[in-house]
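In what follows, a single structure is set out as structure tokens and then discussed.
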Amino acid sequence: MDEFNRILEQTLAEFIAPTTAAYAMAAIGLNLHFGYTGLLNMGQAGFMLLGAYGFGIATMAGLPFPVAILVALAAGTVFALILGMPTLQLRGDYLAIVTISAAEIIRWIGRSTWLQEWTGGASGLQGRDYKDSFHATSPLGDGRMALGPLEYINTGSDSWWTRIFAWGLVALVLLFVWLITRSPWGRVLKGIREDEDAVRALGKNVYAYKMQALVLGGAIGALGGVLYALPLAIAPDAMSRTMTFFVWTVMLLGGAATVFGPVLGSMVFFAAYMLMRTGMRAVADNTGIGDVITTSNVEQIGGMLVGVTLMLLVIFRPQGILGNKRELAFNAH
Numbered sequence: 004m005d006e007f008n009r010i011l012e013q014t015l016a017e018f019i020a021p022t023t024a025a026y027a028m029a030a031i032g033l034n035l036h037f038g039y040t041g042l043l044n045m046g047q048a049g050f051m052l053l054g055a056y057g058f059g060i061a062t063m064a065g066l067p068f069p070v071a072i073l074v075a076l077a078a079g080t081v082f083a084l085i086l087g088m089p090t091l092q093l094r095g096d097y098l099a100i101v102t103i104s105a106a107e108i109i110r111w112i113g114r115s116t117w118l119q120e121w122t123g124g125a126s127g128l129q130g131r132d133y134k135d136s137f138h139a140t141s142p143l144g145d146g147r148m149a150l151g152p153l154e155y156i157n158t159g160s161d162s163w164w165t166r167i168f169a170w171g172l173v174a175l176v177l178l179f180v181w182l183i184t185r186s187p188w189g190r191v192l193k194g195i196r197e198d199e200d201a202v203r204a205l206g207k208n209v210y211a212y213k214m215q216a217l218v219l220g221g222a223i224g225a226l227g228g229v230l231y232a233l234p235l236a237i238a239p240d241a242m243s244r245t246m247t248f249f250v251w252t253v254m255l256l257g258g259a260a261t262v263f264g265p266v267l268g269s270m271v272f273f274a275a276y277m278l279m280r281t282g283m284r285a286v287a288d289n290t291g292i293g294d295v296i297t298t299s300n301v302e303q304i305g306g307m308l309v310g311v312t313l314m315l316l317v318i319f320r321p322q323g324i325l326g327n328k329r330e331l332a333f334n335a336h
């Protein structure tokens, strides 16, 4: 019973974890790209990594916390502009290839020795080097606080303040996305997703609208990178293709082209992922199949199951939990 309660507590903790909020934020940005505009962006991890680096480097340079957030947003915006100007004429699979390649370029630049003085190279940036300005913004003070079965320190990397800030920022961005997607601008994005030639025939500048969506979604993805770095460290190899793969799973699980879908998808995905991993570890430790499923290969098995889940989603329920199947098609332009 104690083991069962521990597994449930860890699963519950994933619902409000800062990492869950970070992936929800990144999926909100990806939703603007794919769900609303039909841009097949397979490099959202690149925006997240640039946002994390922008925030971390700005903080280490002595800039205040709000200014460091603006630097992260600027990094995502500039990357979107550089990426979008030559590539937004591409469609479908071609755009996907370019975006995943661009994200890999960012990762390899981050881990190279060329900018090691700023990025830390393959080792990345340690949290203690850039988190002090964030911790200084906490109104909670020191000590610990329990809320039901969950207990964390008030201020620090894995703290209540980190969770409050992360989910508060997610709520603000959700409100912003809700407003813009219900505006005439948002309706044009949906029209581009359905038939960009028809939108162009109506006199709209499709290229400009795509660029605006790419910039907004990229900036939101950069904010996701900041949230990911707050409780952890900034490591280029931690923000690789797997991260983009997880962001896509989160978005499709909750429902593309829905406002709350990325948040619900992130909560459900990471809670289920934690339940699966802790459950497999408990089974491996306490049963005779420990020779087959060892604690060392739980992560690998979990990754394979995530891949199977994504394939099943695309095949049997592409609209996700909250989505409308009539509003989503995988033949993106």
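Numbering-wise, the sequence shown is residues 4 to 336 according to my numbering.
Heads up, the beta-carbon is just placed ideally off N, CA and C, and yes, glycines get one too.
Every unbroken beta strand (DSSP E) inside the segment 152 to 176 [3 residues or more]:
153 to 156
Between V192 and S141, what straight-line distance do the alpha-carbon atoms span, to the nearest angstrom?
Per the sequence shown, the amino acid found at residue 192 is Leu instead of Val. Distance between the alpha carbons of L192 and S141: 38 Å.
Under the three-state reduction of DSSP, which class applies to A149: helix, strand or coil?
strand
Rounded distance between the beta-carbons of Y26 and V250, thought under 8 Å:
6 Å
Are V229 and F58 closer than 8 Å when you measure CB to CB?
yes
Taking a contact to mean a Cβ-Cβ separation below 8 Å, would you say T312 touches A48 in this structure?
no
Do you know whose CA, among Y56, L42, G264, T281, lies nearest R9's CA?
T281
Taking the alpha-carbon positions, what's the A204 to M214 distance?
18 Å
Residue range of the unbroken alpha helix (DSSP H) whose run includes Y212:
209 to 232
Cutoff 6 Å; reference F333; Cβ partners in own chain excluding five residues on either side
For F333, the predicted model reports a pLDDT of 48, less than 50, meaning its position is unreliable; a value from the coordinates is still stated below. Hits under 6 Å: none found.
Is the beta carbon of G146 less than 8 Å from the beta carbon of N157?
yes
Write down the C-beta distance between A274 and E17 rounded to the nearest angstrom, noting that I regard them as a contact closer than 8 Å.
5 Å
Can you find at least 3 beta carbon pairs, one from the segment 63 to 81 and one from the segment 181 to 197, that sit closer than 8 Å?
no
Measuring CA to CA, which of R320, I85, A20, A83 is closest to W163?
A20
CB G95 to CB L33, shorter than 8 Å?
no
Alpha carbon to alpha carbon, how far is E199 from T40?
9 Å
Measuring alpha carbon to alpha carbon, tell me which of I167, P187, P239, L316 ends up nearest W111.
P239
In this structure, how does DSSP classify I318 when only helix, strand and coil are distinguished?
helix
From the DSSP output, in three-state form, read off I19 for me.
coil
Do L325 and F263 have their C-beta atoms within less than 8 Å of each other?
yes
Beta-carbon proximity check, I103 vs L52, cutoff 8 Å
no
What are the start and end residues of each continuous alpha helix (DSSP H) run of 4 or more residues lying completely inside the segment 17 to 87, in chain order?
21 to 33, 47 to 63
Taking 8 Å as the cut-off, decide whether the C-beta atoms of P265 and A30 are in contact.
yes
Below 8 Å between beta carbons: does that hold for L153 and L316?
no
Bounding residues of the alpha helix (DSSP H) (the contiguous stretch that carries A201)
187 to 204
Exposure label - T23; buried when at least 16 CB within 10 Å
buried
Which stretch, first to last residue, makes up the alpha helix (DSSP H) that contains I112?
96 to 114
Residue of W117, D135, I72 minimising C-alpha distance to G127
W117
Assuming A225 contacts A75 under a Cβ cut-off of 8 Å, what Cβ separation, rounded to an integer in Å, is found between them?
5 Å
The alpha helix (DSSP H) spanning S136 covers which residue range?
135 to 138
Euclidean distance between Cα positions of V180 and G151
32 Å
Am I right that V209 and V202 are in contact with their C-beta atoms under 8 Å? What's the rounded C-beta distance?
6 Å
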